[in-house]
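Number of protein chains: 4
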Amino acid sequence: MLGYFGPEGTFTHQALLALRPGESAQPYLSVPGVLEAVRHGQITAGLVPIENSVEGGVSATLDYLAGHSRLQIIDEVLLEVAFGLYVRPGTAIEAVRTVLTHPHAAAQVRGWLAEHLPDASVTEQGSTADAARRVADPESGFDAAICAAVAGELYGLEPLATQIADNRGAVTRFILVSRPVRPAPISGHDKTSLVIHLRADQPGGLIEALQQFAARGINLCRVESRPEKTKIGHYSFSIDAQGHVFERRMQAALAALHRTSRRLVFLGSYPSADGQTVKQTAGSRDEEFAASDRWLAGVLNPSRVRGA
Amino acid sequence: MLGYFGPEGTFTHQALLALRPGESAQPYLSVPGVLEAVRHGQITAGLVPIENSVEGGVSATLDYLAGHSRLQIIDEVLLEVAFGLYVRPGTAIEAVRTVLTHPHAAAQVRGWLAEHLPDASVTEQGSTADAARRVADPESGFDAAICAAVAGELYGLEPLATQIADNRGAVTRFILVSRPVRPAPISGHDKTSLVIHLRADQPGGLIEALQQFAARGINLCRVESRPEKTKIGHYSFSIDAQGHVFERRMQAALAALHRTSRRLVFLGSYPSADGQTVKQTAGSRDEEFAASDRWLAGVLNPSRVRGA
Amino acid sequence: MLGYFGPEGTFTHQALLALRPGESAQPYLSVPGVLEAVRHGQITAGLVPIENSVEGGVSATLDYLAGHSRLQIIDEVLLEVAFGLYVRPGTAIEAVRTVLTHPHAAAQVRGWLAEHLPDASVTEQGSTADAARRVADPESGFDAAICAAVAGELYGLEPLATQIADNRGAVTRFILVSRPVRPAPISGHDKTSLVIHLRADQPGGLIEALQQFAARGINLCRVESRPEKTKIGHYSFSIDAQGHVFERRMQAALAALHRTSRRLVFLGSYPSADGQTVKQTAGSRDEEFAASDRWLAGVLNPSRVRGA
Amino acid sequence: MLGYFGPEGTFTHQALLALRPGESAQPYLSVPGVLEAVRHGQITAGLVPIENSVEGGVSATLDYLAGHSRLQIIDEVLLEVAFGLYVRPGTAIEAVRTVLTHPHAAAQVRGWLAEHLPDASVTEQGSTADAARRVADPESGFDAAICAAVAGELYGLEPLATQIADNRGAVTRFILVSRPVRPAPISGHDKTSLVIHLRADQPGGLIEALQQFAARGINLCRVESRPEKTKIGHYSFSIDAQGHVFERRMQAALAALHRTSRRLVFLGSYPSADGQTVKQTAGSRDEEFAASDRWLAGVLNPSRVRGA
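These protein sequence lines are chains A, B, C and D, in that order.
So the first sequence is residues 15 to 322, counted in the numbering used here.
So the second sequence is residues 15 to 322, counted in the numbering used here.
So the third sequence is residues 15 to 322, counted in the numbering used here.
So the fourth sequence is residues 15 to 322, counted in the numbering used here.
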């Protein structure tokens, strides 16, 4: 059984159907609720949003991951935040006089409504999934819902228009979180996620931490600060690095960060949703690590390796 | 005329009264509303929250500052987020049966209420300032409001208890923003704020940017990432550095960042609210810059300086 | 009048003829002798060797430049160290039975002699220039000299073979040194030479010094350590950087080194003998420095630049 | 049997007697001669000078070590270069009319001679050890030798004055070199020596190499460049780092350099002659490496470590 940040019909629900089609899943009404259920073994994995291209990081997710152990990201999926105008089958656009949606969604489609339904009355209330549910009832008094595709389909509605957000292309990234497991094999386009809590006495600590990656030829794709909650001005850093923990260079970087930071939270290695191949620079490949191990063994025990 | 993120009686209002007592000010109902009024010259300066020790950065403020020019931080203030139980004069705690507040505040004082007013009925509605306004009316049906001190005072209420949040010590930092002006003189405990938009082709760009400060002996007190909103995975960085733009080392760091980043937004140099003296390392002092200027002039024109 | 590390007929003499043909010049019998004469104005400039591709840095030159002010490199030249077999006009190789040269040169042509003149008697004595002078005298008892081309020509000899060193391709770099002058204009393939004396309390001082170049997009072509002579384990660093002191990025790097090191000796900007064009990275060009100056002026005096 | 850069009576001989008193040893007349004998197993170890506080690195030693494998430094010793005036027993200073020494030594005591023996005739010839040998013969015609203490003692002479060099305090560092062996245990004040041959395509290669040490909290005590001999402008770097190859941090730094450089020559870990305790910074201790290993094992196999 999987879980997701619900209710049914939300974008997180839609993302889960895309990532794990056919698996049974139950909604939780908060991000901590999903992650708590994962930690306690009530669900095998849960999907939560972590980042939106317009809004930024999802604090509830970032803070829960930074503050709790026994959680690991095992997959991710990107989903374009796309609203549509959904109606009961048979309703024509000319017949739409009352529209129901959530205030946040209403704000994002204001331009489209002004152009295409200038005379419709728009009610902002509840959630977009709830709007779809109510519009499905002919007695509701509402002709159309502005909602995600998944919600429209869930309640038997049909789209009159899709992609109607004024600001196209907003994308949300969702992560699938489980209890700690051995990561999936290297795919060639992996990411490794972690949270670094620096030592209090490290003024240049962030630079030093980032250099642990640079010194091993590892690129970073995300660096996000979050308050430590104890005192203003203290931050932890949520980081996504390109590469997999099964690679020696990533192991070396993580071990170095473990030694030099106050606390390091490993959050998993998993295939990146963008499928971008990870580059390997000279000196950072596994075979070069193996060669340097052999060389070092020879240095430490010269007779065995170089001896007469 | 100043402005602030209102309505009257909020913590931002309280912070403004602490920072600029006696100045007339008007509330705006959104952060962008305050900053827009500053940009258009309708108010001389506006106070908005930028960071909370528990919740993190205030996205609305960070994003508006990152995306618009012609704004500059001229001061800051720290305020502990402290709720109190406010009543009409003469009401005793034994007489409090109905409490009005905002849901967010209610969540933060749940433990205190369970202990001290276990039988009171709590209504969560409107804003904490509005709760105070309504409680002031004996006909309201509410005996007490949970609100900020400023709201209680504003509506003639008296505190039965202060500092009643379960999680003490949460602090919010507010900034006073004006149109660009020549910064105030060096105080010895200054901060300089800026936003760096990196070039798209800079994988190690953040490290390089941070090193521009390190190379000049400048410590950072805040590094916060925000999405660029154009494409997921692209970030700008909001940074507070210790020191003043009137110092040569800060000028050199800013100029270097201007050259090497896609866009650099200067957001002001102003006294830090924590009053912590800024350290100067060897080689980063103004007199050392002046000495190196003279040395360089001698190198470029040897006859004048070292000549026979 | 120029000077060079002599006597006449040495490779330094040959290098001077290549670099400044037709100018009158006088030999000095030591490197300090040449440089002392420059400092005291007895000659306008002097040529000395600074580096050999096989032997490394020339200590006498490096140490004199590191320890004295009022000297500046204004040009450089590379010369292949090429020995030849020189005889009086008319002597055939079959007639060569006695060969005169310097021990150092003899060591470098041993293989050639074994192959081509296995029966000749080789006397190692004096200098190669002196060998040529003596061979020119038919009464000398020597049939051939192993010497530089310049020495052979100087004494009217003819080459029976050139490029006879066993280890081909050894190159010596010579520098032309004058009193401090305004450097020649940017050629596009310039080098800047300097000596850094680090502070005693700088364990990571060399890295920090090298990073001052890296942070400004400047490549280094030579880093050579020399003892400070005061105490074992203390070194100064002789550095050649790509670029010209008339470039803003080089000025910024030198000024930073001046501020952060114990002592910085500027040794000139001059065209590199290899003629390799210096690369400019983004953010390090003069026009970008000028743009960042203008930007900074606007930050410091906003009314003038962005005002009204 | 040990070897040293001789002849008998030189400072290297004196250094060997200090470092390995009572062991039989034979002189070789060149540095390569000593090291060649070590490589071929003709002697178990050989002592050669590597660095002088005034003259700098000893090229013959540095280049032989950089260019050959199968050699390892196992000890080092510092010796002050101290000349004395040695005479046959019974000779008073007033009776000294003729002095024999080597030109190099003569240059270093010129001031002392001018003051104390202004009328003596000084002959500069052979070696200082040879001067002592000849002075020991009453028929030699020489009253005194200027030589090292070891040479004076060797030939039965007595010192009339010691420490007579004009420039006091010059120190030479000598290294004892053997075939590769397992290094001696950690002493707490160890050095590790190595030679880095950078990849040809590494403009910032030296900085990156030095940062491999810095990133692991390792200080450097010597960085010396030597030409690669193939082409002018290509250098290898001879480096002494504080710490022992039995420490995890040093192993990590060496392995990283092995991966990222063209060739890395390990030259041994051995007690530093200055006896200075090596500092350990947070995150660089062996126990921290062990802890990070365990942490990483838990990340890779979560069930075993954190499971149930």
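Even for Gly, the Cβ is constructed at its ideal location relative to N, Cα and C.
Does residue i come within less than 8 angstroms of chain C when only Cβ atoms are used?
i	result
Arg196 (chain D)	no
Phe303 (chain B)	yes
Val313 (chain B)	yes
Asp348 (chain B)	Only positions 15 to 322 of chain B appear in this structure, which leaves residue 348 (chain B) out of reach.
Is the CB of residue i under 8 angstroms away from at least one CB in chain B?
i	result
Lys205 (chain A)	no
Phe280 (chain C)	yes
Cys235 (chain A)	yes
Gly247 (chain A)	yes
Gln294 (chain A)	no
Taking the DSSP output, what are the residues bridged to residue i?
i	result
Thr66 (chain C)	The residue asked about is misnamed: residue 66 (chain C) is Asn in this sequence, not Thr. Its beta-bridge partners are C:Gly70 and C:Thr186.
Ala39 (chain B)	B:Leu16
Arg236 (chain C)	C:Asp254
Leu127 (chain B)	Looking at the DSSP assignment, Leu127 (chain B) forms no beta bridge with any residue, so it has no partner.
Leu49 (chain A)	Answer is none; Leu49 (chain A) lacks a bridge partner.
Gln86 (chain D)	D:Ser192
Ile160 (chain B)	B:Leu99
Ser154 (chain D)	The partner list for Ser154 (chain D) (beta bridge, DSSP) is empty, contrary to what the question assumes.
Glu138 (chain B)	B:Thr115
Ala59 (chain D)	D:Leu16 and D:Ser192
Thr206 (chain C)	C:Ala255 and C:Ser283
Ala175 (chain D)	D:Leu99
Tyr249 (chain A)	A:Pro241
His211 (chain A)	A:Ser250 and A:Arg277
Is there a C-beta anywhere in chain A that falls below 8 angstroms from the one on residue i?
i	result
Gln265 (chain D)	yes
His272 (chain D)	yes
Leu43 (chain D)	no
Residue i to residue j, Cα distance in whole Å?
i	j	result
Val52 (chain B)	Thr206 (chain C)	50 angstroms
Gly321 (chain C)	Gln56 (chain B)	In this prediction, Gly321 (chain C) has a pLDDT of 38, which is less than 50 and means its spatial position is unreliable; nothing more can be read from the coordinates.
Phe227 (chain A)	Gly257 (chain A)	11 angstroms
Pro35 (chain C)	Tyr42 (chain C)	18 angstroms
Gln290 (chain D)	Gly202 (chain D)	8 angstroms
Lys360 (chain C)	Val313 (chain B)	This structure cannot settle anything about residue 360 (chain C), because the visible part of chain C is limited to 15 through 322.
Thr26 (chain A)	Phe19 (chain A)	6 angstroms
Thr58 (chain B)	Pro21 (chain B)	19 angstroms
Leu171 (chain A)	Met15 (chain A)	27 angstroms
Arg84 (chain B)	Pro194 (chain B)	6 angstroms
Ser192 (chain D)	Gln86 (chain C)	45 angstroms
Ile88 (chain B)	Ala269 (chain B)	21 angstroms
Glu222 (chain D)	Ala229 (chain A)	8 angstroms
Ala109 (chain C)	Glu153 (chain C)	15 angstroms
One question on the structure: do residue i and residue j come within less than 8 angstroms of each other, judged by their Cβ atoms?
i	j	result
Ala280 (chain A)	Leu212 (chain A)	For clarity, residue 280 (chain A) is Phe in the given sequence; the question names Ala instead. Not closer than 8 angstroms, so no.
Ser250 (chain C)	Ala119 (chain C)	no
Ala287 (chain B)	Arg196 (chain B)	no
Ala134 (chain C)	Thr115 (chain C)	no
Ala175 (chain D)	Ala159 (chain D)	no
Val72 (chain D)	Leu33 (chain D)	no
Using a Cβ-Cβ distance under 8 angstroms, would residue i count as near chain D?
i	result
Ala119 (chain A)	no
Glu50 (chain C)	no
His258 (chain A)	no
Phe25 (chain C)	no
Do the stretch 295-312 of chain C and the stretch 100-109 of chain C meet, that is, are 3 or more Cβ pairs less than 8 angstroms apart? With a cut-off of 8 angstroms, the stretch 100-109 of chain C and the stretch 295-312 of chain C do not count as touching, because too few Cβ pairs lie within range.
Within the chosen definition, does the stretch 178-188 of chain B reach the stretch 122-139 of chain B through at least 3 CB pairs nearer than 8 angstroms? Verdict: yes, contact present.
Touch test, the stretch 57-64 of chain B against the stretch 72-87 of chain B, Cβ-Cβ under 8 angstroms, three pairs minimum: Between the stretch 57-64 of chain B and the stretch 72-87 of chain B there are three or more C-beta pairs closer than 8 angstroms, enough to call the two in contact.
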